[in-house]
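First residue of the sequence shown? That's 83 in the working numbering, and the numbers climb one at a time after it. Note that the Cβ used here is the ideal one computed from N, Cα and C, for glycine as well. No experiment lies behind these values; they were computed from the predicted model shown.
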Amino acid sequence: MATRSRYVASFSLAIMGTGFIITSLFHDSLAGTILQGGFEAGLVGGLADWFAVTALFRHPMNLPIPHTALLTKNRQKLTEGLVSMLENKWLTKTSITDKMKEIHLTEKIFLIIEKELHSDSVKRGITTVIEHAIRRVNINKIASFVEKEIKKYLYSIHTSALLQSVINQVLAHSYDEKALNYILMKAKGWAEKDSVRNELGSTAIKAIDRIELDGFLQFAVKSFINVVDENKLGGIIQDFILRGIDGLQETDNKNRQALLEQIRTELKKVHENTTFIKELEDWKEHLIENWDATEQITKTLEQMQQQALFSIKDGEFVDMHLLPFLTRLLNNTKENPVHMGAIENWLQKQVIQFVEANHSKIGKLVRENLDALDDQTLIAMIENGAGKDLQWIRVNGAICGFMLGLLLEVIKATTPL
Numbered sequence: 083m084a085t086r087s088r089y090v091a092s093f094s095l096a097i098m099g100t101g102f103i104i105t106s107l108f109h110d111s112l113a114g115t116i117l118q119g120g121f122e123a124g125l126v127g128g129l130a131d132w133f134a135v136t137a138l139f140r141h142p143m144n145l146p147i148p149h150t151a152l153l154t155k156n157r158q159k160l161t162e163g164l165v166s167m168l169e170n171k172w173l174t175k176t177s178i179t180d181k182m183k184e185i186h187l188t189e190k191i192f193l194i195i196e197k198e199l200h201s202d203s204v205k206r207g208i209t210t211v212i213e214h215a216i217r218r219v220n221i222n223k224i225a226s227f228v229e230k231e232i233k234k235y236l237y238s239i240h241t242s243a244l245l246q247s248v249i250n251q252v253l254a255h256s257y258d259e260k261a262l263n264y265i266l267m268k269a270k271g272w273a274e275k276d277s278v279r280n281e282l283g284s285t286a287i288k289a290i291d292r293i294e295l296d297g298f299l300q301f302a303v304k305s306f307i308n309v310v311d312e313n314k315l316g317g318i319i320q321d322f323i324l325r326g327i328d329g330l331q332e333t334d335n336k337n338r339q340a341l342l343e344q345i346r347t348e349l350k351k352v353h354e355n356t357t358f359i360k361e362l363e364d365w366k367e368h369l370i371e372n373w374d375a376t377e378q379i380t381k382t383l384e385q386m387q388q389q390a391l392f393s394i395k396d397g398e399f400v401d402m403h404l405l406p407f408l409t410r411l412l413n414n415t416k417e418n419p420v421h422m423g424a425i426e427n428w429l430q431k432q433v434i435q436f437v438e439a440n441h442s443k444i445g446k447l448v449r450e451n452l453d454a455l456d457d458q459t460l461i462a463m464i465e466n467g468a469g470k471d472l473q474w475i476r477v478n479g480a481i482c483g484f485m486l487g488l489l490l491e492v493i494k495a496t497t498p499l
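Rendered as structure tokens:
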């Protein structure tokens, strides 16, 4: 477009020159004189504006005329002036921050997030990021940390308080009675076996044989053994044991109630047994100190890691859990004016801080870009950008000169000497 304007300007100057030459042949006539004056003034005006426009960029006809090639000579001043105008007039800190306040950054960002959140590219990006993060987890380091924290927590537990808490739960839920019932049931199952009856009889016979008595008692014992064999004696003892167990299994049995009362009394006094508590505390610390849980924790964490990677690759986690969670979070935030206002204030604060820290870089960037251009490139850019208007100055100069020349010649012709 600038080249076309240059052709038009050159063409107008050529017309004025041609008109001046042609009309000089008819200077004896009034019309020829008037036209010659118009073309002469137009030629002078066109040449003057051509000189002025050309002098901005280069030496006219490559002649080193003073005060020409102004752009090249004053390039540094032009750059500084442009930078100063950008920093202090057009792109000031205040104008930038005020304009950013009008944008409502939070709403714009939320619209973008809502639009792109469920896109395939975002899903792939989220999946890739999460998968990479999971793979980067140092399992061994975490396992060591977890073991350390577990042991630290176990060390911090007071054995006396823990034991008292267990005893309180036992008494509150009658676990002592349930434990007694379980023991009695197992004891009865054991006592009912034939092998146990035989073993009881054999053991009793051997025990009686080892008893040393004098006189009549010894004779009575020997007579009893001769009458009762191992099987009968074992049956007697077995029956005695079973009847005792059956009695203890009855809830209203006095012996059962007395036994439970004694158990409960002893349980309540356990925390007063400092020796037992100290031994229990030492056992706990010894057990914790010698407990090597790193391998098991590592194996568990590795299984969790593989399961997490499988869920991520399968897409189930992102589609079924993460994206719905993010959507709910966005909707809840949008519906809360307080949260939206807080986010907007934070974003605007970040913008202001960024502008404050980097405003000078605008001028620096412009200066660096301009300094990177050589004179010919810079002149070509300005001519291409503003050349059209500059060339029309030449056209207007020629036309205005022509019209003014005609007017002056008419005035001269109509004015008496």
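Name the residue from the options whose alpha carbon lies nearest to the alpha carbon of residue i.
i, options, result
"GLU426", "SER166, ILE178 and HIS186", "HIS186"
"MET267", "SER442, GLY326, LEU245 and LEU486", "GLY326"
"LEU253", "LEU349, ASN440, GLN430 and ILE97", "LEU349"
"ASP321", "VAL278, MET182 and LYS494", "VAL278"
"GLN387", "PHE192, LEU486 and ALA215", "ALA215"
"ILE191", "MET485, LEU341, LYS416 and GLN344", "LYS416"
"LEU315", "LYS181, GLU281 and LEU324", "GLU281"
"VAL437", "LEU107, GLY114 and THR176", "THR176"
"LEU412", "ASN222, LEU330 and HIS200", "HIS200"
"THR100", "ASP110, LEU112 and ALA123", "ALA123"
"PHE407", "ALA269, ASN355 and GLU196", "GLU196"
"LYS270", "LEU324, PHE227 and THR285", "LEU324"
"SER284", "LYS223, THR356, ALA424 and ASN313", "ASN313"
"LYS494", "LEU107, THR115, ASP110 and LEU330", "THR115"
"PHE102", "GLY163, LEU362, LEU125 and SER111", "LEU125"
"ASN263", "THR161, GLU377 and ARG338", "ARG338"
"TYR237", "MET182, ASP364 and GLN118", "ASP364"
"ALA96", "PHE227, GLY127 and VAL228", "GLY127"
"GLN385", "VAL219, GLN251 and PHE108", "VAL219"
"GLU169", "GLY487, LEU429 and LEU447", "LEU447"
"ASP328", "LYS171, MET167 and ALA273", "ALA273"
"ASP396", "ARG206, SER111 and GLN118", "ARG206"
"ASN335", "TYR235, LEU117, HIS240 and GLU259", "GLU259"
"LEU490", "GLY119, LEU107 and PHE108", "GLY119"
"PHE500", "LEU383, GLN432, SER393 and GLN389", "No answer is possible for residue 500: the residues shown for the chain start at 83 and end at 499."
For the ligand HEM, I want to know if residue i counts as a neighbour, meaning its beta carbon is within less than 7 Å of at least one of the ligand's heavy atoms.
i, result
"ASP374", "The ligand HEM is not among the ligands present in this structure, which contains no ligands whatsoever."
How far does the alpha helix (DSSP H) with residue i in it extend, from its first residue to its last?
i, result
"ASN170", "Element bounds for ASN170: n/a, residue is neither H nor E."
"HIS214", "202-217"
"ARG248", "Per the sequence shown, residue 248 should be read as Val rather than Arg. From DSSP, the alpha helix (DSSP H) with VAL248 extends over 241-254."
"GLU231", "221-238"
"GLU196", "187-198"
"ALA261", "257-273"
Rounded C-beta distance between residue i and residue j? I'm assuming under 8 Å.
i, j, result
"THR105", "PHE93", "That pair is no contact at about 18 Å."
"ILE48", "ALA286", "Because the chain here runs from 83 to 499, residue 48 falls outside it and cannot be looked at."
"ILE434", "THR179", "5 Å"
"ALA225", "ILE379", "4 Å"
"GLU213", "LEU391", "6 Å"
"THR210", "VAL400", "Not confirmed; about 11 Å, so no contact."
"GLN430", "LYS181", "No, GLN430 and LYS181 are not in contact; Cβ-Cβ is about 12 Å, not under 8 Å."
"ILE249", "VAL352", "6 Å"
"LYS366", "THR188", "Not really, about 55 Å apart at Cβ, beyond 8 Å."
For chain C, is any of its Cβ atoms less than 8 Å away from the one on residue i?
i, result
"ILE345", "Any reference to chain C falls outside this structure, which holds one protein chain only."
Output the residue ranges of the alpha helix (DSSP H) runs that lie fully inside the stretch 319-380 and measure 4 residues or longer, sorted by chain position. 336-350 and 356-371
Can you list, in chain order, the stretches of the beta strand (DSSP E) that have 3 or more residues and sit fully within the stretch 382-436? none
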